[in-house]
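One structure below.
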Amino acid sequence: MADLPYSSRKTAIRQVTRQVDMKRPFYTWTCRLWVTLCCLLGGVHGTFVTRNSRPNIVLLMADDLGVGDLCCYGNNTVSTPNIDRLASEGVRLSQHLAAASMCTPSRAAFLTGRYPIRSGMASPYNLNRAFPWLGGSGGLPTNETTFAKLLQHQGYRTGLIGKWHLGLSCASRGDHCYHPLNHGFDYFYGMPLGLLSDCQASKRPELHRWVRIKLWISTAAIASVPLLLLVPKFARWFSVPWTVIIILALLALLFFLSWYSSYGFIRRWNCILMRNHDVIQQPMKEDRVASLMLKEALTFIDRYKREPFLLFFSFLHVHTPLVTKEKFVGHSKYGLYGDNVEEMDWMVGKILQALDQELLANRTLVYFTSDNGARLEPRDGAARLGGWNGVYKGGRGMGGWDGGIRVPGIFRWPTVLEPGLVVDEPTSLMDIYPTLSYLAGGILPQDRVIDGRNLMPLLEGRVSHSDHEFLFHYCGAHLHTVRWHQKDCATVWKVHYVTPRFYPEGSGACHGSGVCPCSGDVTYHDPPLLFDISRDPAEAWPLNPDNEALFDPVIKRVEAAIQDHRSTLTPVPQQFSVFSTVWKPWLQPCCGTFPLCGCDKEHDILPKAL
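For the sequence shown, the numbering used here gives the first residue as 589, with consecutive numbering after it.
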């Protein structure tokens, strides 16, 4: 009976106890208590749980994982048994959507339940759509209320292990105004920025690669001027004062130092490991960080197993440079990327094992997702270093195509959620915010727009239709696409106003620039592209007035929704302004005396199992 949905178990309880009441009043209340406990104990672990009890919450977020990279989403050639177990024991969302196709704005929306444009976390520029520097002054504004802060106020112990990438300091090196501990987390261990290929000295540079190439060329051109002036001077063609040559040489040197002081030390500046407010590795030892993070997560669960806790485990997997333990290298059929996916699945298994061993599984809500779709551009020669987005067009960085924003969404809460349920309704990462608030007994902020919707009625099967009628898909600060889920039927329309231009044409990605732009070199559609993704999820067959009678009414309804949506937006400080995103030496986290930063305070010996 413990395997029945919660509502069915309650009916069974009433039926059994009614029969007992009719036969032997003496045993009525004893049997009622016994039957209730047996039905709600939660299976083999013997953990008492009711629907009204506040669950522990474990949030697992991958970095750049494609929705087609998991077995439970149709990829039967990759081994992800632990994530598949979550899906079989819980609810799987098939149309789960990120609020942005890049990590920083997507994570901001995830934590706040609001479109990133509302908090100034959407970039109007193509160059910096995620924070490029730890020494920048942009970040998740301090007046934003995260779900961690809501749960903290409800008595939860809150911890973040892994990637943050939502800013660090505002005005001085140690103010840490955007730090996780200032956004509702009691404990933080991980990377305040995130993993980059630059974190491995042997890998191809990732951050602003083309900008750096242009800066080297410019430096060579400027430095050549004083050198060329030496030729006529020594050849005595005409006189060139030494003062002029020295000044030009100094200007070339200053230009070089102005950019090389940041770009020349990316690994030291950006690839650091922190525990709470302290830098404990600079630069980070990337080959050990995954094991250290897993150890911290297991310790957090053990430390707070007797009180409600929120653990947000933010994986560095599967972002380049795909740092993978040796025992997983060569393990998959898809090269290093597949190896990295399978290592991540193994880490998920370790966390689930810890919940089982501590008898916490039945009173813990576990959620697995990714911050955005898989990257399509990264390559190492002929080998792809990115994932697969299934049948969906596009990938990371593309604001409207589903390949960039459709992500895994798996919820498991034994005894409460029906195992194996699949929900095809449109849902959003922003929905986690009101869902957790509801489960923890909190109250949503009333002074701001919350774009997410409580998912529990949908997950429990009490309703069959998503509360989202319209979802707005931004690329940076630019609205590219709108999704309309009609209230009176199952039809889901998508209207594209802007789409990226793939390079090479027909490749499905932007291999020239490394990520598709949001403005400039894009295609503007007038009339817009229209797809019925309930029938055409791959967005392969655009509709028009000739083949779709509802074309004009749909476009008019969506345009009215856009006007309504824009009327709710208010001006806010832009966290991606040019000034906010440039590297500032006085904000750079430093272990030691700046600029001689460097340390390794993480000397713990890892268990062999990790």
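Backbone N, C-alpha and C define an ideal beta-carbon position, used for all residues, glycine too.
Under the three-state reduction of DSSP, which class applies to Tyr922: helix, strand or coil? coil
Need the endpoints of the beta strand (DSSP E) that Gln869 sits in, please. 866–870
Please state whether DSSP places Cys1179 in a helix, a strand or coil. coil
In angstroms, rounded to a whole number, what distance separates the CA positions of Leu817 and Gly918? 56 Å
Residue closest to Glu1057, alpha-carbon to alpha-carbon, out of Ser1016, Gln941, Leu1024: Ser1016
Cα-Cα separation between Ala688 and Val828, rounded to whole angstroms: 56 Å
Taking the C-alpha atoms as reference points, what is the distance between Leu628 and Asp1012? Reliability of the predicted coordinates at Leu628 is poor, the pLDDT of 42 falling under 50, and the value obtained from them is presented with this limitation in mind. So the alpha carbons of these two residues sit roughly 29 Å apart.
Return the chain-ordered ranges of every beta strand (DSSP E) run that is complete within the stretch 1089–1166 and spans a minimum of 3 residues. 1110–1120
Whole angstroms is fine: what's the gap from Met862's alpha carbon to Asp1114's? 49 Å
Span separating the alpha-carbon of Leu948 from that of Phe901: 17 Å
Simplified DSSP assignment, three categories, for Tyr980: coil
From Cys660, Asp651, Tyr703, pick the residue whose C-alpha is nearest to that of Arg1036; which is it? Tyr703
Should Lys915 be labelled buried (16 or more other beta-carbon atoms within 10 Å of its own) or exposed? exposed
If you run the structure through DSSP and keep just helix, strand and coil, what is Thr887? helix
Can you grab the Cα-Cα spacing for the pair Pro669 / Cys659, in whole Å? 8 Å
When the Cα atoms are used, what is the spatial distance from Pro720 to Phe822? 45 Å
Leaving out the 5 sequence neighbours to the left and right, which residues in its chain are closer than 6 Å to Pro909 when beta-carbon positions are compared? Ser785, Gln788, Lys791
Are Gln683 and Arg984 touching if we call contact CB-CB under 9 Å? no
Which first and last residues belong to the alpha helix (DSSP H) in which Thr807 is found? 797–823
Beta-carbon proximity check, Val1160 vs Arg706, cutoff 9 Å: yes
So, using beta-carbon positions, are Phe999 and Leu953 closer together than 9 Å? yes
When the distance is taken between beta carbons, is Ile671 closer than 9 Å to Asp933? yes
Would Asp1134 be called buried (16 or more neighbouring beta carbons within 10 Å of its own) or exposed? exposed
Three-state secondary structure assigned by DSSP to Gln945: helix
Residues near Pro1116 in its chain [Cβ-Cβ closer than 7 Å; skip 5 each side]: Val1083, His1084, Tyr1085, Ile1143
Do the stretch 861–880 and the stretch 767–781 touch if we need at least three Cβ pairs shorter than 8 Å? yes
Kindly list the residues whose CB is nearer than 8 Å to the CB of Val979, restricted to its own chain and excluding five residues on each side of it in sequence; keep chain order. Gly656, Pro1125, Ala1126
Relative to the alpha-carbon of Lys1189, which residue among His1073, Ala962, Val867, Arg1089 has its alpha-carbon at the smallest distance? Val867
Of the residues Gly923, Leu943, Asp944, the one placed nearest Gly969, counting alpha carbons only: Gly923
Residue interval of the beta strand (DSSP E) (run including Ser958): 952–958
For Val1051, report the span of its beta strand (DSSP E) as first-last. First-last for Val1051: undefined, no H or E at that position.
Segment contact flag, the stretch 1089–1101 with the stretch 1041–1059, C-beta cutoff 8 Å, min 3 pairs: no
Between the C-alpha atoms of Tyr661 and Leu838, what's the straight-line distance to the nearest angstrom? 59 Å
Check whether the stretch 1168–1180 touches the stretch 720–738, counting contact only when three or more Cβ pairs, one atom from each stretch, lie closer than 8 Å. yes
Can you give me the Cβ contacts of Asn714 inside the same chain, cut-off strictly under 7 Å, excluding the 5 residues immediately before and after it? Pro1105, Cys1106, Ser1107, Gly1108
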